[in-house]
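Numbered by mature numbering (1 follows the signal peptide of the UniProt record, and there is no 0), the letters in the sequence shown go through residues -24 to -1, 1 to 1069 in order.
Shown next, in structure tokens, is the structure this report addresses.
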Amino acid sequence: MKRLLTILCLLLGCTFFPSKEAVALNGVDGQIFMNLPDSACLNSFASINAFYWKNRGWARKADWTITGGDYEILYNSDPDINKLTGQKPDPSYNVNALTIKFKSTGTYTFTAIVYKDDGSSSSITRTIYVKDCSVLPCLGNSTGANDFTYNFGTFNITDTKSVSDPYVPASTGANTGGYNYVQHPTSDFKDNSYCVFWNSQIRTEWVYSTDHTGNGGDPKKAGGMLIANSAIAKKTFFVKKDVPVCPGSSYNFSAWFLNLNGLQVFNSTCADGNSDGYHYAGVTFLIIDESKATPDTLARFKTYDVSMNLDGPEWQQYGGGFKTPGGVTKVTLAIVNDRYGDCGNDIAIDDISFQYCSPYIYSFIDGSTKPELKEAALCEGAPVTIKAIYAPDGWDNGVYYPEKDYFKNPQYQWEYSYNSTTWFPLTDSLTLRTGSQTNTLVFKEGALVGDPDKPVVIYYRVNILEKNNASNCAAPSEYTKITILPKPKVTVSTGRVCKGEQVILTATGGYTKYQWRVNPVVVGPSLTVTPDTTSTYWALGIADYGKDPVTGAPRQCVDSGFGTIVVDTMPKVTITGGPNDICAGSSIALAIQPSNSKFDITWSPVGTGTPKTINLTDIPKTIGVNTYKVTVVNGKCTTSDSYNINVYEIPVPKVTTPPTQCANGTFNLNATLKATESGTWSLVTPNPAITIADPTAPSTTINGVPAGSTVQVRWTVVNNGKTDCTHDTVINVVNQAAITGNTILADQILCKISDIPALLTIKGPLAGGSGTYTYQWQRSSNGGLWTNVGTNSNTYAPPKLATTNTVDKYRLIITSGTCTSTSNEVTIRINTTTLKVTVPVDVTVECKKGTDYTTNFGTPTIVGYNATITGTTDATTNPDACTQVIKRTWTVKDQCGSTATATQTVTVKDTKAPVFTYTPSADTTVSCEKAFANTAVPKPIATDDCSAVTVGAPTSTTPVYPNPACKGTYNYTITWTAKDACGNAVSTSMNVHVVDNTAPTFTYTPQKDTTVDCDKTFTPDKAKPIAVDNCPALGSVDLTSVESTPVKDPQCPNKYTYTITWTAKDQCGNSATFVQNVTVQDVTPPTFTWTPA
């Protein structure tokens, strides 16, 4: 082992720790730094971070640029997973970080710009090389006898202690050998330590994860894994020696890896924990041949940098494939740390796998690969060939490449099996079978022997191995299945049928197709026939199973089988007789054709006749449908017929007789019906005046039964199914006439208590009821209960009243049959009512010419014993000129001679003001020069209902000046008042608005255009215009002038023009203007004031 580890160190170029400092990209305090792997595998992921060395708190955001290939972001320190611009650092350690999955090979370039709080930034660019490290797929399905997957065992999830592993070599020095086993739990799991445990968190800062294998579905178990705190030097994790292999064969060597560092270690503990930043994990797989004096490395493949997924623990598979050279029969497998330890490079390993990769070997019937023919069914003795092919065979687009051929010198051995599990080698038989040790196995005609009664299945495959290899290195092909068919077997759905029935014949045996010897020929595994007589049917089985290897023509074989069907004839059966519909208790007679007497006959129900004969008689016992069935059997032919007899129940009418009524011609008729019945009400003696509301309703009313009569009503019930099944019943409806003539006489008012009341009698005559009458007088004193008095007599003599306040009431109750009559009530009392007359309240009305004011008198209310009005008088007075009083007096007298009077007064007054029939306009506006006096306005006109009207002289309010300086604009109101003879008055007003909107008028203006010499003085006052206002009495006109700036002649300064603008404005601001144009000229030549002599 020591020799091997030394060899491994030499192979990997082991160096001591100081040597790595020479090539490290070290961080510098305060400068930007990026942790990034230098290499990675396709479809793996890498975690990257950028920060200020030893000053991680400076970062506030970062902008990332990633170029070079396709990728997927698995983790982002920003909550937005895809955000690369303005990325926030992680909140725990203030570091900007990403986890990237690489989806293409090539060189990726990462640039990070990290910004500080003050807005300043720094950038850094690093590259990573992404390579295709894929484990090549195995084409074949065979496994090797020495294949293994090492999963480091199983733990209970309650286990707290780790274990060591025999395949992890022990450490022999700081830079040699393997690793030191440190049992967990421990407080010092330092560099160069390992253990095997079921969860990864051996150190508290490492991520928590279970192994890759899993627990196999047992929640109480967990798989083990190798967990290592890598040494600073590159040392060996795993060695397995003397692994048997087959020379010239391909193998895959792989394992699953988990970087144990998470966000805390990557962004904090180890971000700048080494002088060159974080150390990623990584291993190299080695396959070594130690059979020689100098061990030979047959293959090596790297994982490159194994990164963590910062989003959560995630296992990754790495490995590679190799092919053993000739003569190599065993190898040593090793996994060696390929990265420096120290801060970082903490790794877990699981499911180390070493697998034989067989070629893809497959065989086809008659070499048919398009389409692939891997199984066939054929006749016994039919010839066939099976050809084997393997891949890779070195051929590529018609060119052979020996280095791509899986075999250099393949050796073949064909085998057979009856269950595809147990295999036996084949040998040649020159007359029947050849090619058992070539790629083509040939069966000649007659070589394949089957079973005539059942299919025989035989599986064939070929083993291929490199020449001189041991037999256990052979790679078997996928099997080819040959089914040797028996003779076709024809089965029938039934061997004996009734004529006219279908029979399905089915041919089996596994043939490709079947033909039936019928006319026309039917092709298919089944045949449906309807034979008229006993018949035999033949089927041919045809098997297609490949192609002739010489001619290429499809192969086919044929065999035959048959089936026989016996046919019976069907009896003809029809039941006749009846009747079909009967009432309960009637009999029936049924029969079938006499020709059926020779067959087996069964009636159901049996009936009263002789059983099993063609005739049947019976009295059905069940209400409803009685089904009679006869069954006739002839061999396989069974026929039957049925006959329904409908038996209807005879109804039993159920009626409730209504009670006798008095003076009520409407009676309720009530009967009960079954669901199968209907009924009809009718009069025994028809009478158009008597009607039944709904004659067919079991519950209805009869109307119009004459008072004093008895009417017979019939209720007839029929069975709805058969209307001649019926029955009825008759009831009496009695309506007695109401008692008439029960009126007693009469109310009595007595004037004094000694008066004797008169005899009470019936006005009569009596009629109605049963004709016999019973009398009962009743009395109620002072509103008390009614009590019976007197005897059964049609008269009654009431006694004297008990007191002057007693009020006795009497009535007579007459009973006859179901009729009772209560008479009117009569009252006997002493007149204790004081005579009183009340008139409506006095009325005051408005005076109006031509009015009859007596219509305002009301009607008096009289309280007294038979009191009446005996007289009415009216009296009129006039207290003043505006008031009239009318009084009306009523006189009344009662039966006992008492009298009383009452008076109502109607007062007529004039309180209503006159009404204007004409008024001037309510508002008017005039110019100041047209101002008018109040008397100039036409006087309003007013009228009154009762007296003459006087309209007074108009009055006006003091003028109101909106602008005190403008006396030409002001407002005032004119008011007129109308008054009648009684002093009732009403007023109307006019609002006057006087305005001054007119500008002054020029009455004189100077000449519009004036020319003067320059030596003449011209002022505006010498030619002033004159202006007057439309309302001159209200103020003077102000006149002003303004001269414009002179416009001079450039050639003559004394020649110029200007304008004078005159403005005339009155006191209300109204103005007018006049413009005068002045021209000044210099036309006078100079004058000599002195001349020489």
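Here a beta-carbon is modelled for each residue, glycine too, at the ideal position from N, C-alpha and C.
- Relative to THR1039, the option among PRO1029, SER1017, ASN1030 whose CA is nearest is SER1017.
- Between ARG864 and PHE833, the gap from beta carbon to beta carbon is short of 8 Å.
- Here the alpha carbons of PHE242 and ASP54 stand approximately 16 Å from one another.
- A Cβ-Cβ separation of about 5 Å places ILE362 in contact with THR456 under the 8 Å criterion.
- Residue pairing by DSSP places GLU356 opposite no residue, since no beta bridge is assigned to it.
- Counted as a single uninterrupted DSSP element, the stretch harbouring PRO67 is not any beta strand (DSSP E), since DSSP gives it neither H nor E.
- Looking at the backbone, the Cα of ILE178 and that of SER169 are separated by about 11 Å.
- According to the DSSP assignment, HIS969 belongs to the beta strand (DSSP E) that extends over 961 to 971.
- Per the Cβ contact rule, the segment 867 to 876 is not in contact with the segment 898 to 912 (fewer than 3 Cβ pairs under 8 Å).
- Distances from the CA of GLY697 to each of ALA773, CYS795, LEU659, ILE558 were compared; the closest alpha carbon is that of ILE558.
- Boundaries of the beta strand (DSSP E) around MET201: 201 to 205.
- In the structure shown, ARG690 adopts extended strand secondary structure according to DSSP, grouped into three states.
- With respect to LYS166, ASN313 sits apart: the two C-beta atoms are not nearer than 8 Å.
- With contact defined as three or more Cβ pairs closer than 8 Å, the segment 938 to 946 and the segment 965 to 977 are in contact.
- In the DSSP assignment, MET10 forms a beta bridge with ALA26.
- Going by beta carbons, THR75 and ASP287 fall inside the 8 Å limit.
- Bounds of the beta strand (DSSP E) holding HIS703 are 698 to 716.
- For CYS559, the uninterrupted beta strand (DSSP E) segment begins and ends at 557 to 559.
- Distance from the Cα of PRO142 is smallest, within the candidate group THR152, THR130, VAL172, for VAL172.
- Beta-bridge analysis with DSSP links SER334 to no other residue.
- The C-alpha of SER746 lies about 56 Å from the C-alpha of PRO555.
- The C-alpha of SER511 lies about 13 Å from the C-alpha of ILE480.
- According to the DSSP assignment, PHE229 belongs to the beta strand (DSSP E) that extends over 226 to 235.
- With respect to the C-alpha of CYS701, the residue from THR716, ASP369, VAL628, ALA714 having the closest C-alpha is VAL628.
- Counting only residues of its own chain and dropping the five nearest sequence neighbours on each side, ASN679 has a CB closer than 8 Å to the CB of GLY641, THR642, ILE666, THR667, ILE668, ALA669.
- DSSP places ALA565 in the uninterrupted beta strand (DSSP E) bounded by 564 to 567.
- In the three-state scheme derived from DSSP, where H, G and I count as helix and E and B as strand, LEU239 is classed as helix.
- Within the same chain, and ignoring the five residues on either side of VAL802 in sequence, the residues whose Cβ sits closer than 8 Å to its Cβ are ILE720, LEU721, ALA722, ASP723, GLN724, LEU736, LYS785, TYR786, ARG787.
- Taken in chain order, the unbroken stretches of beta strand (DSSP E) that lie wholly in the segment 582 to 647 and span 3 residues or more are 591 to 594, 600 to 610, 613 to 624, 630 to 632.
- Straight through space, the alpha carbons of ALA957 and PRO916 are spaced by roughly 18 Å.
- With contacts defined by Cβ atoms closer than 8 Å, PRO464 and TYR487 form a contacting pair.
- Taking 8 Å as the cut-off, the Cβ atoms of PRO145 and THR212 count as close.
- In the structure shown, SER251 adopts coil according to DSSP, grouped into three states.
- In this structure, DSSP gives LYS906 a helical state, which the three-state scheme calls helix.
- Annotation: PRO1008 is outside any beta strand (DSSP E) and is labelled neither H nor E by DSSP.
- Secondary structure note for THR926: its beta strand (DSSP E) is the uninterrupted segment 925 to 927.
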